[in-house]
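Report on the following structure.
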Amino acid sequence: MILHTKAEKPTSTLKQNVYDALRGMILSGEVSPGEQLRERDLSEKLGVSRTPLREALNQLEREGLVESQPHRGYFVPILDLKTAEELLDLRLMLDAYAIALAVDQISEQGLEELKGVMARLAEFAAKPELAIEELAEEVRVGMQIHEIVARESGHRFLYETLRQLYGRLSLLIWVDVLWVDKWDLTRAEHKEIVEAIIARDKERAVTATKLHVKRSRDDLMRVVQAQSLLHGKSRGRLERP
282 MILHTKAEKP TSTLKQNVYD ALRGMILSGE VSPGEQLRER DLSEKLGVSR TPLREALNQL
342 EREGLVESQP HRGYFVPILD LKTAEELLDL RLMLDAYAIA LAVDQISEQG LEELKGVMAR
402 LAEFAAKPEL AIEELAEEVR VGMQIHEIVA RESGHRFLYE TLRQLYGRLS LLIWVDVLWV
462 DKWDLTRAEH KEIVEAIIAR DKERAVTATK LHVKRSRDDL MRVVQAQSLL HGKSRGRLER
522 P
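Read in order, the letters of the sequence shown correspond to residues 282 to 522 in the numbering used here.
Here it is, written out as structure tokens:
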């Protein structure tokens with residue numbers, strides 16, 4: 282998985298490539314929760330120096346996908362029940378608030394962006410089977426619906442808060458995809474949300490959003506709780522299936 286040497290691409294591209302590679306390793310389960318991210322090993326694996334690697338790790342730490350421990354280095358966080366529940370409860374409240382605001386004032390550009398996202402999601406849905414890279418891309422595209430809604434709410438601090446929250450939830454969202462076999466339902470929920478926004482039906486949009494987030498929250502909590510019981514721990518470490 283060697284990316285490139287420093288002479289091949291600009292520094293900014295190198296940083297982004299390292300970030301993308303590490304994020305993909307975490308979200309795909311190649312690196313397990315609780316596992317240490319050893320800089321020397323990653324530097325050799327990706328074929329890059331420590332500087333862009335540390336910059337990528339710092340960015341991932343800000344997003345909640347890695348955590349640093351004094352004198353020990355970086356680790357993929359273990360998802361505990363309390364943290365998962367708090368993050369998902371917060372998303373339920375803020376997503377519903379954002380869409381209530383967005384329906385009233387979404388711009389034509391915002392509506393066109395949502396239609397474009399749905400067109401892309403339809404392409405994924407039309408395929409009989411998705412490779413893991415395609416599934417990861419569909420997850421990313423699907424999250425754009427919520428990001429557009431947050432932006433179109435017109436509430437700057439709400440938008441910034443939700444963007445940070447979605448970053449913190451990236452690992453949980455990926456768990457939802459890998460462990461909970463309800464992706465067709467997720468697609469249908471996204472479709473209902475976007476159709477309600479386009480119709481400027483606030484009540485329908487808020488209801489659809491609450492059902493979507495709550496269903497995902499309940500599914501994820503069952504996964505985390507089951508893993509916690511399975512391993513006999515108070516903290517719910519998620520193992521790869």
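C-beta atoms are modelled at their ideal positions from N, C-alpha and C, and glycine is treated no differently.
*Report the residue from Val-494, Val-357 and Met-502 whose alpha carbon sits nearest the alpha carbon of His-427.*
Val-494
*May I have the straight-line CA-CA distance separating Leu-371 from Leu-334, to the nearest angstrom?*
31 angstroms
*Cut-off 8 angstroms between Cβ atoms - residues of its own chain near Ile-478, not counting five sequence neighbours on either side*: Ile-380, Ala-383, Val-384, Ile-387, Leu-392, Leu-395, Val-430 and Ala-486
_Residue range of the beta strand (DSSP E) that includes Ser-349_ = 348 to 350
*Could you give the distance in angstroms between the alpha-carbon of Gln-390 and the alpha-carbon of Gly-448?*
24 angstroms
*Three CB pairs or more closer than 8 angstroms across the region 414 to 421 and the region 333 to 351*: no
*Put Leu-318 into one of helix, strand or coil per three-state DSSP.*
strand
*Gly-354 in three-state terms, based on DSSP*: strand
*Give the secondary structure of Ile-359 by DSSP, where H, G and I count as helix, E and B as strand, and everything else as coil.*
coil
*Whole alpha helix (DSSP H) elements within the region 364 to 449, 4-residue minimum*: 389 to 406, 413 to 433 and 437 to 449
*asked:* Suppose you measure from the CA of Gln-506 to the CA of Lys-363; what does that come to, to the nearest Å?
replied: 10 angstroms
*How big is the Cα-Cα spacing for Ser-324 and Leu-318?*
10 angstroms
*DSSP three-state call for Glu-311: helix, strand or coil?*
coil
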